[in-house]
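Just below is one structure, and these are the notes that go with it.
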Amino acid sequence: MKFSRILGTGSYLPARVMTNADLESIVDTTDAWIRERTGIESRHLVADDETCCDLAEVASWRALESAGLRPSDIDLILVATTTPDQFFPSTACLLQQRLDIHGCPAFDLQAVCAGFVYAMDVADKYIRTGAAKHVLVVGSETFSRVLDWSDRATCVLFGDGAGAVVIGAADEPGIISTHIHADGTYKDLLQIPGGHGNGRPDAAFVEMRGNEVFRFAVTTLGRIVDETLEANGMTRDDIDWLIPHQANIRIIQATARKLDLPMDRVVVTVQEHGNTSSASIPLALDQAVRDGRVKRGETILMEAFGGGFTWGSVLAKY
Ligand code: ACO
């Protein structure tokens, strides 16, 4: 078996919903501004005692159930997150303990909004080389904890949530190709500048030059779509579904135009989820699988762009 394929999906959103109207009482903004510029109407936020691992755990159980597997079948756990419960152990190790799995490797991967495609790239390579048979890949985030709730330019954009997939070895793809990139030149455009490592533990909130991020995201995602299709000798007509990172409806629409895909072939959750960073693609995938839109055998293109900058894509037959 030299390929990997998605065996099951799961996701979880915390119960608390914050609407744009709720935000109007926190910062100087309006529902109309947020909808028009981002497409976001509401987002889910964690409760005070809820953590990244709590969200990841529910999403993981759901993905395992949909794959028809038990935790003991998993031989690698990857958690993509920028908002782990604690510095260490990794959220992947905390999750392993919750799932009562012992001994298999487990590690976190940090590529901000591109974290899930990075983790899928790693999972696919582990399986293709025979180093793993069943990989649990999770994107889980509690971005509400790293937002400056007095900065209207960022606090309206993000939400919390988790999505998970189980990837398994297969004779046929499955995952057709993965493509990941980074360019640290742009580190200052989107960042949480503080950390214990640089002696600025208090500067632990998102800072963003939104306009510039927007322009880079649109151009770069256009390029990654071309790269992915060209690498496989495919054309836009071969794509059944675009499952993009959910940052902003205008960025998503620009990528759909590039692919000449009508918006009813694009899975959009940003209106209800906001930007859940590494969780957004597996959340959108799970929603579209469960409501019957994405079917077995269809070709899906997942793509993401995030802080770093980091970006990438996963092309797969579901
Ligand atoms: N409510 C009302 N007004 C606001 C708000 C708000 N929440 N936020 C900013 N404004 C104001 C600004 O202060 C500015 O006012 P001014 O003209 O008086 O100075 C005005 O709106 C325009 O601000 P811009 O930043 O130019 O607005 P823009 O059209 O670029 O939209 C946005 C801002 C939505 C952040 C956009 O730049 C964007 O989506 N960028 C991409 C950022 C992103 O998605 N980052 C997530 C991580 S990366 C990724 O996931 C792709």
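Under this note's numbering, read the sequence shown as residues 1 to 318, first letter to last. Ideal placement from N, C-alpha and C gives every residue a C-beta, glycine not left out.
Locate the beta strand (DSSP E) running through residue i, then write down its first and last residues.
i: Y12; result: F3 to Y12
i: F305; result: T299 to G306
i: A170; result: D160 to A170
i: M263; result: It is not in any beta strand (DSSP E) - M263 carries neither H nor E in the DSSP assignment.
i: M18; result: R16 to T19
i: S313; result: T310 to K317
i: P244; result: W241 to P244
If we call anything under 8 Å between Cβ atoms a contact, is residue i one with residue j?
i: G103; j: T276; result: no
i: Y318; j: I127; result: no
i: A164; j: V138; result: yes
i: I74; j: I34; result: no
i: A182; j: W241; result: no
i: N232; j: L315; result: yes
i: S144; j: A56; result: no
i: S90; j: A106; result: yes
i: F116; j: S278; result: yes
i: E230; j: H179; result: no
i: T310; j: V146; result: no
i: L99; j: S60; result: yes
i: L153; j: M208; result: In the sequence under discussion, the amino acid at residue 153 is Ala, which differs from the Leu named in the question. Against a cut-off of 8 Å, the Cβ pair of M208 and A153 comes out as a contact.
i: L109; j: L78; result: yes
i: R16; j: A47; result: yes
Buried or exposed: where does residue i fall if 16 or more other Cβ atoms within 10 Å of its Cβ makes it buried?
i: W149; result: exposed
i: T19; result: exposed
i: S25; result: exposed
i: M263; result: exposed
i: T129; result: exposed
i: R43; result: buried
i: S72; result: exposed
i: D121; result: buried
i: G195; result: exposed
i: T30; result: exposed
i: A284; result: buried
i: P201; result: exposed
i: G68; result: exposed
i: A32; result: exposed
i: Q246; result: buried
i: D171; result: exposed
i: P282; result: buried
i: F88; result: exposed
i: G199; result: exposed
i: P244; result: buried
i: Q96; result: buried
i: E303; result: buried
i: A21; result: exposed
i: G8; result: buried
So the alpha helix (DSSP H) residue i belongs to, where does it begin and stop?
i: G222; result: G210 to A231
i: V138; result: From DSSP, V138 is part of no alpha helix (DSSP H) but of the beta strand (DSSP E) over H134 to T142.
i: R324; result: Here the chain comprises residues numbered 1 to 318, so residue 324 is not present and cannot be evaluated.
i: D286; result: S280 to R290
i: T29; result: Taken as a continuous stretch (DSSP letters only), T29 belongs to no alpha helix (DSSP H), as it is neither H nor E.
i: R259; result: It should be noted that the sequence gives Leu, not Arg, for residue 259. Here the alpha helix (DSSP H) through L259 covers I249 to L259.
i: C104; result: Counting along the chain, C104 falls outside any alpha helix (DSSP H), and DSSP gives it neither H nor E.
i: T91; result: T91 to R98
Identify whether residue i lies in helix, strand or coil by the three-state DSSP scheme.
i: H196; result: helix
i: V79; result: strand
i: E50; result: coil
i: I359; result: This structure cannot settle anything about residue 359, because the visible part of the chain is limited to 1 through 318.
i: Q110; result: coil
i: A182; result: strand
i: E57; result: helix
i: R43; result: strand
i: L147; result: coil
i: L64; result: helix
i: L190; result: strand
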